[in-house]
Amino acid sequence: MADAVLPARMPATAPLGVRREGRLIRNVRAVWMVWIRDLIRLKRTPTRIVTGIAQPLLFLFVLGAGLEHLIGSQRAGGVNYQQYLFPGILAMSVLTSALFSSIAIVWDREFGFMREMLVAPVSRSSLVLGKALGGGSVAVVQGIILVIAAPLVGVDVTVGSFFAMLGFLLLLAFALVGFGIVIASRMQRMESFQMVMALVLQPMIFLSGAIFPLVALPQWLGVVTRLNPATYGIDAIRRVLLPHIAPLTILSWTVPLWADALITFAFGALMLALAVRLFATAE
Amino acid sequence: MRSAGVEVEGLVKRFGSFAAVDDVSFAVEPGELFGFLGPNGAGKTTTISILCTLVELTEGTARVAGFDVVHDRSAVRESIGLVFQEVTLDDYLTGAENLRFHAVLYGVPPSEVKDRCRPLLDMVGLTERADQQVRFYSGGMKRRLEIARGLLHEPRVLFLDEPTIGLDPQTRKHIWDYVDTLRAREDTTMFLTTHYMDEAERCDRIAIIDHGQIVAIDTPDALKASIGSDTVTVATSDDAAAAQALAKGFDLAVETTEDGVRFRVPDGEGFVPQMFEHLALGVRSVNVRRPSLDDVFMEYTGHDLRDADAGIADQFKNNAMVRGFRRS
Ligand SMILES: Nc1ncnc2c1ncn2[C@@H]1O[C@H](COP(=O)(O)OP(=O)(O)OP(=O)(O)O)[C@@H](O)[C@H]1O
Ligand SMILES: [Mg+2]
Chain X
1 MADAVLPARM PATAPLGVRR EGRLIRNVRA VWMVWIRDLI RLKRTPTRIV
51 TGIAQPLLFL FVLGAGLEHL IGSQRAGGVN YQQYLFPGIL AMSVLTSALF
101 SSIAIVWDRE FGFMREMLVA PVSRSSLVLG KALGGGSVAV VQGIILVIAA
151 PLVGVDVTVG SFFAMLGFLL LLAFALVGFG IVIASRMQRM ESFQMVMALV
201 LQPMIFLSGA IFPLVALPQW LGVVTRLNPA TYGIDAIRRV LLPHIAPLTI
251 LSWTVPLWAD ALITFAFGAL MLALAVRLFA TAE
Chain E
284 MRSAGVEVEG LVKRFGSFAA VDDVSFAVEP GELFGFLGPN GAGKTTTISI
334 LCTLVELTEG TARVAGFDVV HDRSAVRESI GLVFQEVTLD DYLTGAENLR
384 FHAVLYGVPP SEVKDRCRPL LDMVGLTERA DQQVRFYSGG MKRRLEIARG
434 LLHEPRVLFL DEPTIGLDPQ TRKHIWDYVD TLRAREDTTM FLTTHYMDEA
484 ERCDRIAIID HGQIVAIDTP DALKASIGSD TVTVATSDDA AAAQALAKGF
534 DLAVETTEDG VRFRVPDGEG FVPQMFEHLA LGVRSVNVRR PSLDDVFMEY
584 TGHDLRDADA GIADQFKNNA MVRGFRRS
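If you read the protein sequences in the order shown, they are chains X and E. Residues 1 to 283 in the working numbering are what the first sequence spells out, letter by letter. Residues 284 to 611 in the working numbering are what the second sequence spells out, letter by letter.
Next comes the structure, spelled out in structure tokens:
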């Protein structure tokens, strides 16, 4: 071989000048890379998944069992309370995990890695999209693991309802990750992020129908729950898992499934668009 | 082809009412190795951050590789590389993964990533540790990885913000050999900030910056010549008497140090014989030193560069400590 005449150890020089890929390919790969990075980090900090699953299970089996007899099936829309609660805690887990995934952005900013990303020749939307996919997939993986608990509380999951549920989980996760990034882009410090998150997350869960049925509520509570964007994603997940349950209504209008999907999607798209804008000026 | 230089005019950056960069103008020629020398807080990093589109300027204009840093951000980003002053690695990724992340974001084709990383990891002596997570690296190892990453995509303009701070001499030599090869082959324009004299000496031109303003800008030789005086240190049997005699006899500003009496004269070598004639004391040793960049720095800023260096080393350590603490 011609190479044989070269010294055994090449001098420390990289191969000839760098070939660069075009802008589109570069951006697509950047989305993928930012996404993969989140998954790698998740793999290396598995406790995150454990806590993300333990809390919803606690709600399901302790709260669910405890309130089972207080909330009759009349109130729970034709199913028993644990059945009612199951889609709720599924959504709750996705909601929490998706919203909190954006903590990585505050973290990255505090530890400098954000600058490495911001100075790179890729569009801000690629970075945000990669982050959204990362946070979204972590959330959805948690949701899927929780589905194992479905038979224990008497929820029958079919192949069809599983994939329908998965679709809505994804949609909900995306919307919430976008919302999380919007908040994170405005936060300079970890402490303030955590505080704001706690202030946002709990009302969002309590006022979404995840834990109690949205019927016969005081008027103000009825209004607030319908203004909560998470309400619609949760309603959708519940309806695909429990086909006979009473659907969400606004006054006397029964919200159709497609409207649930549309509202969740619109909220997510809005948040992601806003996230891209804020991310651009985040430094 | 577009110019790969840097042009800065009337650059101002204010944080509130404080001007971190205060009306700075300079130009870096394509292919030049340009150095920024200045004490802590002089505005070096701020200038680099503006040129790299990370910080918005307050006034003035700046172009990198021919592109305006305000209006043409993405074109600027496509032309540059940056080794940050502080660590900007992902601790939970391995060394190799950090490099791959960078390579992908900068559009290096996936099939070439491994081939590009190997010699760089070799250069910084991290080949064996490449598959370990960065959080287990020492401070110097992180620094080395950071430099390898900055060199990975071979930009047309490379910014190096105190790149070799805290590294051992051998590693620094490896890095500079690599940088020289890169410059010779790719004609890369380089913008360097440093506190090391030998690195400053390598620069084609140096700008000395203090309190956000450039106080001198020229080649290292010209800067040294501009001071126009040598430093003479003479050790005698009675330094105090010698100091008095020299101060009186030649009207010199003398300084007594533990090495002997020190003073500056325009032509040190010519002065020594005269001094011998005049001094009726036993001379133990004489040392004549041409002006160094240290002296230049002192002359223009009034600070000693080594003090500034110590300051930054402390800052570096503190940073590492704060980071380590927060992480846990
Ligand atoms: N985000 C910021 N907000 C307020 N002041 C800032 C900010 N960034 C930098 N400064 C101030 O601007 C001045 C210049 O800082 P800069 O980091 O550019 O200095 P430097 O020359 O890089 O110093 P060093 O040698 O210590 O790295 C400093 O006084 C610093 O406190
Ligand atoms: Mg600096």
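Glycine residues also receive a C-beta, built at the ideal position from the N, C-alpha and C atoms. Just so we're clear, the structure is a prediction, and the values are computed from it rather than from any experiment.
Going by C-alpha to C-alpha distance, which of the options sits closest to residue i?
i	options	result
V153 of chain X	X:L133, X:L171, X:E68 and X:G167	X:E68
V417 of chain E	X:R20, X:R41 and X:L248	X:R41
L529 of chain E	E:A499, E:G422 and E:V515	E:V515
A563 of chain E	E:V548, E:A524, E:G585 and E:P438	E:A524
D260 of chain X	X:F179, X:E110, X:L171 and X:I89	X:L171
L146 of chain X	X:S97, X:L176, X:S126 and X:V106	X:S97
F279 of chain X	X:I183, X:I237 and X:Q142	X:I183
E191 of chain X	X:K131, X:T47, X:I103 and X:A65	X:I103
G349 of chain E	E:G532, E:L340, E:E361 and E:T341	E:E361
D374 of chain E	X:S101, X:T45, X:Y232 and X:L201	X:T45
A491 of chain E	E:D578, E:Q368 and E:V338	Note that residue 491 of chain E corresponds to Ile in the displayed sequence, not to Ala. Residue E:D578 is the option with its Cα nearest to I491 of chain E.
F298 of chain E	E:S308, E:I333, E:P313 and E:V462	E:I333
V276 of chain X	X:L201, X:R124 and X:V223	X:R124
D306 of chain E	E:T329, E:A379, E:N323 and E:I458	E:T329
A115 of chain X	E:V338, E:D504 and E:G423	In the sequence under discussion, the amino acid at residue 115 of chain X is Arg, which differs from the Ala named in the question. Among E:V338, E:D504 and E:G423, the Cα nearest to that of R115 of chain X belongs to E:V338.
Following a CB-centred definition, is residue i positioned closer than 7 Å to any heavy atom of ligand 1?
i	result
F298 of chain E	yes
A490 of chain E	no
A499 of chain E	no
A303 of chain E	yes
A483 of chain E	no
A345 of chain E	no
G321 of chain E	yes
G585 of chain E	no
G235 of chain E	Because chain E spans 284 through 611 in this model, residue 235 of chain E falls outside it and cannot be assessed.
G324 of chain E	yes
Classify residue i: buried if its beta carbon has 16 or more other beta carbons within 10 angstroms, exposed otherwise.
i	result
L409 of chain E	buried
N381 of chain E	buried
A195 of chain X	Correcting the residue identity first, residue 195 of chain X is Met in this sequence and not Ala. Under this definition M195 of chain X is an exposed residue.
L262 of chain X	exposed
T158 of chain X	exposed
G268 of chain X	buried
F559 of chain E	exposed
Q188 of chain X	exposed
E541 of chain E	exposed
E437 of chain E	buried
T254 of chain X	exposed
V155 of chain X	buried
M271 of chain X	buried
A386 of chain E	buried
E538 of chain E	exposed
M284 of chain E	With a pLDDT of only 44 at M284 of chain E, under the threshold of 50, the placement of this residue in the model should not be trusted; the figure read from the coordinates follows. So M284 of chain E ends up on the exposed side.
R567 of chain E	exposed
S394 of chain E	exposed
D444 of chain E	buried
N27 of chain X	buried
W258 of chain X	exposed
A303 of chain E	buried
L16 of chain X	Bear in mind that a pLDDT of 45 at L16 of chain X, under 50, signals an unreliable position, so the model cannot answer this.
When you measure from the CB of residue i to every non-hydrogen atom of ligand 2, does any distance come out below 7 Å?
i	result
T328 of chain E	yes
Q368 of chain E	yes
D444 of chain E	yes
Within 8 Å (strictly less), CB to CB, does residue i reach chain C?
i	result
T341 of chain E	Absent from the structure is chain C; the protein chains it does hold are X and E.
inquiry  = Which complete beta strand (DSSP E) runs does the segment 393-454 of chain E hold, if anything under 3 residues is left out?
reply    = 440-444
inquiry  = Against chain E, which members of the segment 242-276 of chain X pass a CB distance test of less than 7 Å?
reply    = none
inquiry  = Please give me, in chain order, every unbroken run of the alpha helix (DSSP H) with length at least 4 that falls completely inside the segment 20-97 of chain X.
reply    = 23-44, 47-58 and 64-67
message = Please give the ranges of any alpha helix (DSSP H) in the segment 94-131 of chain X, keeping only runs that are unbroken, at least 4 residues long and fully inside the region.
response = 103-110 and 113-118
task = Scan the segment 291-324 of chain E for residues whose Cβ lies nearer than 8 Å to a Cβ of chain X and list them as they occur along the chain.
result = none
request  = Please specify which runs of the alpha helix (DSSP H), each continuous and at least 4 residues long, are wholly inside the segment 183-220 of chain X, giving them in chain order.
outcome  = 190-206
request  = Below 9 Å between beta carbons is the criterion; list the residues of the segment 104-119 of chain X that meet it against any residue of chain E, in chain order.
outcome  = D108, E110, F111, G112, F113, M114, R115, E116, M117, L118 and V119
ask   = Listed from N- to C-terminal order along the chain, which residues in the segment 33-44 of chain X have their beta-carbon within a distance smaller than 8 Å of any beta-carbon of chain E?
value = M33, R37, I40, R41 and R44
task = Residues of the segment 21-32 of chain X with a CB closer than 7 Å to any CB of chain E: list them in chain order, please.
result = E21, R26, R29 and A30
ask   = Looking at chain E, which residues of the segment 120-144 of chain X have a Cβ within less than 8 Å of any of its Cβ atoms?
value = A120, P121, V122 and S123
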